Amino acid sequence: MRWLPRSVAPSRRSEVVPSPNIWYYQRAYEVENRAQDVDGEIWRVLREEYDWAGRDVLDVGCGDGFHLPYFARDARSVLGVEPHEPLARDAAERVRDLANAEVRQGRAQRLPVGDACVDVVHARTAYFFGPGCEPGLREAERVLRPGGAILIVDLDVTSDPYGSWMREDLPDYDPPAVERFFDRAGFRCRRVATRWRFEDAAAMESVLKIEFSAKVAARAIAEVHRRNAKEFHAGSAEMTLPVGYRVHTRVKPTGLALPGHSAAAGDSGASSSTSPRMA
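No gaps in the numbering here: position 55 of the sequence shown is 47 in my numbering, and each next residue is one more.
Structure, rendered in C-alpha coordinates:
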(Lines of atoms letter the chains of each structure in order from A and count residues from 1; the text may use other names and numbers.)
(Lines give C-alpha, C1' and ligand atoms only; values in the text may rest on other atoms or scores of the structure.)
Protein backbone atom coordinates (compact mmCIF):
# COMPACT_ATOMS: atom_id res chain seq x y z
CA MET A 1 0.00 0.00 0.00
CA ARG A 2 2.98 2.33 0.43
CA TRP A 3 2.96 4.89 -2.36
CA LEU A 4 5.97 5.41 -4.59
CA PRO A 5 7.73 8.75 -5.01
CA ARG A 6 7.51 10.47 -8.36
CA SER A 7 11.17 9.62 -9.08
CA VAL A 8 10.32 5.92 -9.42
CA ALA A 9 7.19 6.29 -11.52
CA PRO A 10 6.89 3.72 -14.32
CA SER A 11 9.00 4.43 -17.38
CA ARG A 12 7.63 3.92 -20.86
CA ARG A 13 10.01 0.99 -21.17
CA SER A 14 9.01 -0.90 -18.02
CA GLU A 15 5.45 0.40 -17.43
CA VAL A 16 5.39 -1.58 -14.17
CA VAL A 17 7.00 -0.58 -10.87
CA PRO A 18 7.36 -3.39 -8.31
CA SER A 19 5.11 -2.93 -5.30
CA PRO A 20 7.35 -2.33 -2.26
CA ASN A 21 5.11 -4.45 -0.01
CA ILE A 22 2.89 -7.16 -1.51
CA TRP A 23 5.44 -8.26 -4.13
CA TYR A 24 7.95 -9.09 -1.42
CA TYR A 25 5.91 -9.57 1.76
CA GLN A 26 2.77 -11.30 0.59
CA ARG A 27 2.01 -13.01 3.91
CA ALA A 28 2.25 -9.77 5.86
CA TYR A 29 0.14 -8.04 3.23
CA GLU A 30 -2.55 -10.68 3.69
CA VAL A 31 -2.54 -9.83 7.40
CA GLU A 32 -2.91 -6.18 6.42
CA ASN A 33 -5.82 -6.86 4.07
CA ARG A 34 -7.66 -8.75 6.78
CA ALA A 35 -7.04 -5.97 9.28
CA GLN A 36 -8.20 -3.11 7.05
CA ASP A 37 -11.60 -1.45 7.25
CA VAL A 38 -13.08 -3.98 9.66
CA ASP A 39 -16.34 -2.01 9.77
CA GLY A 40 -16.82 -2.10 5.99
CA GLU A 41 -16.94 1.66 5.51
CA ILE A 42 -15.10 1.62 2.18
CA TRP A 43 -17.43 -1.02 0.78
CA ARG A 44 -20.43 0.99 1.96
CA VAL A 45 -19.23 4.14 0.23
CA LEU A 46 -18.26 2.29 -2.96
CA ARG A 47 -21.71 0.77 -3.23
CA GLU A 48 -23.35 4.14 -2.58
CA GLU A 49 -21.26 5.62 -5.36
CA TYR A 50 -21.99 2.86 -7.89
CA ASP A 51 -23.74 -0.42 -7.14
CA TRP A 52 -22.14 -3.29 -9.08
CA ALA A 53 -24.86 -5.88 -8.39
CA GLY A 54 -25.60 -7.74 -11.62
CA ARG A 55 -22.82 -5.92 -13.46
CA ASP A 56 -19.33 -6.68 -14.79
CA VAL A 57 -16.42 -5.58 -12.58
CA LEU A 58 -12.74 -5.22 -13.42
CA ASP A 59 -10.30 -4.92 -10.50
CA VAL A 60 -7.03 -3.30 -11.64
CA GLY A 61 -3.91 -4.28 -9.72
CA CYS A 62 -5.83 -6.96 -7.85
CA GLY A 63 -2.72 -8.39 -6.19
CA ASP A 64 -3.43 -11.87 -4.91
CA GLY A 65 -7.16 -11.34 -5.39
CA PHE A 66 -8.21 -10.45 -1.85
CA HIS A 67 -11.16 -8.27 -2.94
CA LEU A 68 -12.37 -10.39 -5.85
CA PRO A 69 -14.63 -12.75 -3.83
CA TYR A 70 -16.45 -9.79 -2.28
CA PHE A 71 -17.31 -8.36 -5.69
CA ALA A 72 -18.23 -11.83 -6.93
CA ARG A 73 -21.01 -12.17 -4.33
CA ASP A 74 -23.41 -10.17 -6.45
CA ALA A 75 -21.62 -9.00 -9.60
CA ARG A 76 -22.44 -10.67 -12.90
CA SER A 77 -18.74 -11.21 -13.52
CA VAL A 78 -15.45 -10.19 -11.89
CA LEU A 79 -12.11 -9.95 -13.64
CA GLY A 80 -8.90 -9.31 -11.73
CA VAL A 81 -5.90 -7.89 -13.64
CA GLU A 82 -2.47 -8.08 -12.03
CA PRO A 83 0.97 -7.47 -13.62
CA HIS A 84 3.05 -9.62 -11.26
CA GLU A 85 2.82 -13.25 -12.36
CA PRO A 86 3.16 -14.89 -8.90
CA LEU A 87 0.37 -12.69 -7.52
CA ALA A 88 -1.83 -13.27 -10.57
CA ARG A 89 -1.37 -17.01 -10.09
CA ASP A 90 -2.35 -16.81 -6.43
CA ALA A 91 -5.33 -14.61 -7.26
CA ALA A 92 -6.53 -17.19 -9.78
CA GLU A 93 -6.23 -19.86 -7.11
CA ARG A 94 -8.24 -17.74 -4.67
CA VAL A 95 -11.19 -17.52 -7.08
CA ARG A 96 -10.80 -21.00 -8.56
CA ASP A 97 -14.19 -22.15 -7.26
CA LEU A 98 -16.09 -18.98 -8.20
CA ALA A 99 -17.90 -19.45 -11.50
CA ASN A 100 -18.21 -15.72 -12.15
CA ALA A 101 -14.59 -14.69 -11.41
CA GLU A 102 -11.29 -15.00 -13.25
CA VAL A 103 -7.83 -13.43 -13.31
CA ARG A 104 -5.61 -12.28 -16.16
CA GLN A 105 -2.05 -11.05 -16.06
CA GLY A 106 -1.80 -7.53 -17.45
CA ARG A 107 -1.03 -3.89 -16.82
CA ALA A 108 -3.21 -0.89 -16.09
CA GLN A 109 -1.83 0.85 -19.18
CA ARG A 110 -2.81 -2.08 -21.44
CA LEU A 111 -5.79 -3.86 -19.97
CA PRO A 112 -6.30 -7.33 -21.47
CA VAL A 113 -9.99 -6.78 -22.32
CA GLY A 114 -11.95 -5.31 -25.21
CA ASP A 115 -13.61 -1.94 -25.57
CA ALA A 116 -16.75 -1.08 -23.57
CA CYS A 117 -17.08 -4.45 -21.89
CA VAL A 118 -17.23 -3.68 -18.14
CA ASP A 119 -19.42 -1.55 -15.91
CA VAL A 120 -16.95 -0.91 -13.09
CA VAL A 121 -13.19 -0.37 -13.04
CA HIS A 122 -12.03 -0.63 -9.43
CA ALA A 123 -8.53 0.00 -8.11
CA ARG A 124 -7.54 0.05 -4.46
CA THR A 125 -4.20 1.60 -3.50
CA ALA A 126 -2.80 0.43 -6.83
CA TYR A 127 -1.42 2.40 -9.80
CA PHE A 128 -3.72 5.45 -9.65
CA PHE A 129 -1.74 7.82 -7.44
CA GLY A 130 -2.26 11.13 -9.23
CA PRO A 131 -0.17 12.76 -11.98
CA GLY A 132 1.48 10.09 -14.08
CA CYS A 133 -1.47 7.70 -14.10
CA GLU A 134 -3.07 9.19 -17.22
CA PRO A 135 -2.39 6.10 -19.42
CA GLY A 136 -4.29 3.93 -16.96
CA LEU A 137 -7.18 6.38 -16.82
CA ARG A 138 -7.43 6.33 -20.60
CA GLU A 139 -7.50 2.53 -20.55
CA ALA A 140 -10.16 2.50 -17.86
CA GLU A 141 -12.33 4.77 -20.02
CA ARG A 142 -11.74 2.55 -23.04
CA VAL A 143 -12.98 -0.62 -21.36
CA LEU A 144 -15.95 1.02 -19.60
CA ARG A 145 -19.43 0.92 -21.03
CA PRO A 146 -21.28 4.24 -21.18
CA GLY A 147 -22.75 4.86 -17.75
CA GLY A 148 -20.05 2.77 -16.07
CA ALA A 149 -17.81 4.04 -13.29
CA ILE A 150 -14.16 4.22 -12.32
CA LEU A 151 -13.82 3.69 -8.55
CA ILE A 152 -10.38 4.52 -7.15
CA VAL A 153 -9.57 4.01 -3.47
CA ASP A 154 -6.42 5.58 -2.09
CA LEU A 155 -5.09 6.59 1.28
CA ASP A 156 -5.91 10.04 2.61
CA VAL A 157 -2.44 11.37 3.37
CA THR A 158 -3.97 14.35 5.19
CA SER A 159 -5.61 12.02 7.75
CA ASP A 160 -3.48 11.32 10.82
CA PRO A 161 -1.87 9.36 12.31
CA TYR A 162 -1.30 7.15 9.25
CA GLY A 163 -1.06 10.14 6.96
CA SER A 164 1.67 11.77 9.03
CA TRP A 165 3.79 8.63 8.81
CA MET A 166 3.34 8.57 5.03
CA ARG A 167 4.21 12.26 4.71
CA GLU A 168 7.41 11.67 6.66
CA ASP A 169 8.43 8.84 4.33
CA LEU A 170 7.35 10.73 1.17
CA PRO A 171 8.28 14.37 1.77
CA ASP A 172 7.87 15.24 -1.93
CA TYR A 173 4.34 13.87 -2.12
CA ASP A 174 1.81 16.70 -2.52
CA PRO A 175 -1.70 15.65 -1.37
CA PRO A 176 -3.43 18.88 -2.56
CA ALA A 177 -1.85 18.45 -6.01
CA VAL A 178 -3.17 14.89 -6.23
CA GLU A 179 -6.65 16.05 -5.25
CA ARG A 180 -6.51 18.82 -7.88
CA PHE A 181 -5.45 16.25 -10.46
CA PHE A 182 -8.46 14.03 -9.82
CA ASP A 183 -10.78 17.03 -9.62
CA ARG A 184 -9.60 18.31 -13.02
CA ALA A 185 -10.03 14.78 -14.40
CA GLY A 186 -13.72 14.88 -13.48
CA PHE A 187 -13.72 12.77 -10.31
CA ARG A 188 -15.73 13.45 -7.21
CA CYS A 189 -14.05 12.60 -3.92
CA ARG A 190 -15.38 11.24 -0.64
CA ARG A 191 -13.23 10.89 2.45
CA VAL A 192 -13.78 7.72 4.43
CA ALA A 193 -12.76 7.15 8.06
CA THR A 194 -11.92 3.50 8.71
CA ARG A 195 -10.59 1.35 11.48
CA TRP A 196 -7.88 -1.30 11.15
CA ARG A 197 -7.95 -4.11 13.69
CA PHE A 198 -5.09 -6.54 14.30
CA GLU A 199 -5.43 -9.69 16.35
CA ASP A 200 -2.29 -8.84 18.32
CA ALA A 201 0.76 -6.60 18.47
CA ALA A 202 2.87 -8.94 16.35
CA ALA A 203 0.40 -8.69 13.48
CA MET A 204 0.31 -4.90 13.72
CA GLU A 205 4.09 -4.64 13.78
CA SER A 206 4.54 -6.97 10.81
CA VAL A 207 2.27 -4.75 8.71
CA LEU A 208 3.74 -1.38 9.66
CA LYS A 209 7.23 -2.71 8.97
CA ILE A 210 6.35 -3.40 5.32
CA GLU A 211 4.59 -0.07 4.87
CA PHE A 212 7.21 2.33 6.16
CA SER A 213 10.93 2.88 6.42
CA ALA A 214 12.53 1.40 9.52
CA LYS A 215 12.67 4.76 11.31
CA VAL A 216 9.07 5.71 10.58
CA ALA A 217 7.81 2.18 11.28
CA ALA A 218 9.40 2.27 14.73
CA ARG A 219 7.64 5.54 15.52
CA ALA A 220 4.34 4.28 14.15
CA ILE A 221 4.52 1.03 16.14
CA ALA A 222 5.25 2.93 19.35
CA GLU A 223 2.30 5.24 18.73
CA VAL A 224 -0.10 2.36 18.07
CA HIS A 225 1.03 0.72 21.30
CA ARG A 226 0.31 3.95 23.19
CA ARG A 227 -3.11 4.28 21.57
CA ASN A 228 -4.03 0.76 22.64
CA ALA A 229 -2.46 0.76 26.10
CA LYS A 230 -5.77 1.00 27.96
CA GLU A 231 -7.30 -1.96 26.09
CA PHE A 232 -4.11 -3.97 26.53
CA HIS A 233 -4.13 -3.48 30.29
CA ALA A 234 -7.80 -4.48 30.29
CA GLY A 235 -6.78 -7.85 28.87
CA SER A 236 -7.37 -7.37 25.13
CA ALA A 237 -4.61 -8.43 22.76
CA GLU A 238 -6.22 -6.68 19.76
CA MET A 239 -4.71 -3.50 18.33
CA THR A 240 -6.76 -0.92 16.43
CA LEU A 241 -5.67 1.98 14.26
CA PRO A 242 -7.72 4.75 12.57
CA VAL A 243 -6.85 5.13 8.87
CA GLY A 244 -8.38 7.60 6.42
CA TYR A 245 -9.07 6.89 2.75
CA ARG A 246 -10.40 8.74 -0.28
CA VAL A 247 -12.83 7.26 -2.78
CA HIS A 248 -12.62 8.89 -6.21
CA THR A 249 -15.53 8.26 -8.59
CA ARG A 250 -16.05 9.15 -12.22
CA VAL A 251 -19.02 7.96 -14.28
CA LYS A 252 -18.59 7.62 -18.03
CA PRO A 253 -21.06 9.77 -19.96
CA THR A 254 -23.91 8.06 -21.77
CA GLY A 255 -24.28 10.82 -24.33
CA LEU A 256 -21.80 13.32 -25.72
CA ALA A 257 -18.23 12.96 -24.45
CA LEU A 258 -17.09 15.50 -21.86
CA PRO A 259 -13.65 17.13 -21.76
CA GLY A 260 -11.15 14.72 -20.27
CA HIS A 261 -13.35 11.69 -20.98
CA SER A 262 -13.19 9.22 -23.82
CA ALA A 263 -16.07 8.98 -26.26
CA ALA A 264 -19.13 7.54 -24.63
CA ALA A 265 -19.79 5.17 -27.52
CA GLY A 266 -18.36 4.03 -30.81
CA ASP A 267 -19.34 5.30 -34.24
CA SER A 268 -22.63 3.46 -34.04
CA GLY A 269 -23.41 4.85 -30.60
CA ALA A 270 -24.04 1.31 -29.31
CA SER A 271 -22.30 -0.19 -26.30
CA SER A 272 -21.05 -3.73 -25.99
CA SER A 273 -23.16 -6.14 -23.98
CA THR A 274 -20.37 -8.73 -23.88
CA SER A 275 -19.05 -9.75 -20.49
CA PRO A 276 -15.24 -9.52 -20.08
CA ARG A 277 -15.30 -13.24 -19.43
CA MET A 278 -16.48 -13.66 -23.01
CA ALA A 279 -13.89 -11.33 -24.56
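The C-beta atom is built at its ideal place from N, Cα and C for all residues, glycine as well.
This structure is a prediction, so every number in the text was calculated from the model and none was measured.
Here the alpha carbons of residue 25 and residue 117 stand approximately 11 Å from one another. DSSP places residue 191 outside both helix and strand once states are collapsed to three, so it counts as coil.
When DSSP states are grouped into helix, strand and coil, residue 139 belongs to the strand group.
For residue 42, there is no enclosing alpha helix (DSSP H), as DSSP marks it with neither H nor E.
Taking a contact to require three or more Cβ pairs closer than 8 Å, the stretch 231 to 241 and the stretch 184 to 191 qualify as touching.
Within the same chain, and ignoring the five residues on either side of residue 147 in sequence, the residues whose Cβ sits closer than 8 Å to its Cβ are -7, -5, 117, 154, 155, 158, 235, 236, 237, 238. Apart from the 5 residues on each side of it in sequence, residue 92 sits with its Cβ closer than 8 Å to the Cβ of 64, 67, 68, 69, 70, 269 in its chain, given in chain order. In this chain, the alpha helix (DSSP H) harbouring residue 167 covers 167 to 176. Taking the Cβ atoms as the reference, residue 195 lies roughly 16 Å from residue 204, outside the contact range of under 8 Å. Burial check for residue 99: the Cβ neighbour count within 10 Å reaches 16 or more, so the residue is buried. Note on the stretch 33 to 108: whole alpha helix (DSSP H) runs with a minimum of 4 residues are 33 to 41, 60 to 64, 77 to 86, in chain order.
Beta bridge pairing from DSSP links residue 144 with 115, 240.
By a beta-carbon distance limit of 8 Å, residue 135 contacts residue 108. Their separation comes to about 7 Å. A distance of 9 Å or more separates the beta carbons of residue 132 and residue 145.
In the DSSP secondary-structure assignment, residue 150 is not bridged to any residue. Bounds of any alpha helix (DSSP H) do not take in residue 9, whose DSSP letter is neither H nor E. For residue 21, the closest alpha carbon among the candidates 97, 51, 40, 201 is that of 201.
The straight-line gap separating the alpha-carbon atoms of residue 177 and residue 46 is approximately 28 Å.
Between the alpha carbons of residue 247 and residue 121 lies a gap of roughly 28 Å. In the three-state reduction of the DSSP assignment, residue 132 falls in the helix class.
The beta-carbon separation of residue 14 and residue 184, rounded to 21 Å, does not stay under the 8 Å limit for a contact.
For residue 119, same chain residues with a beta-carbon under 8 Å away, outside a window of 5 residues either side, are 52, 53, 100, 125, 128 in chain order.
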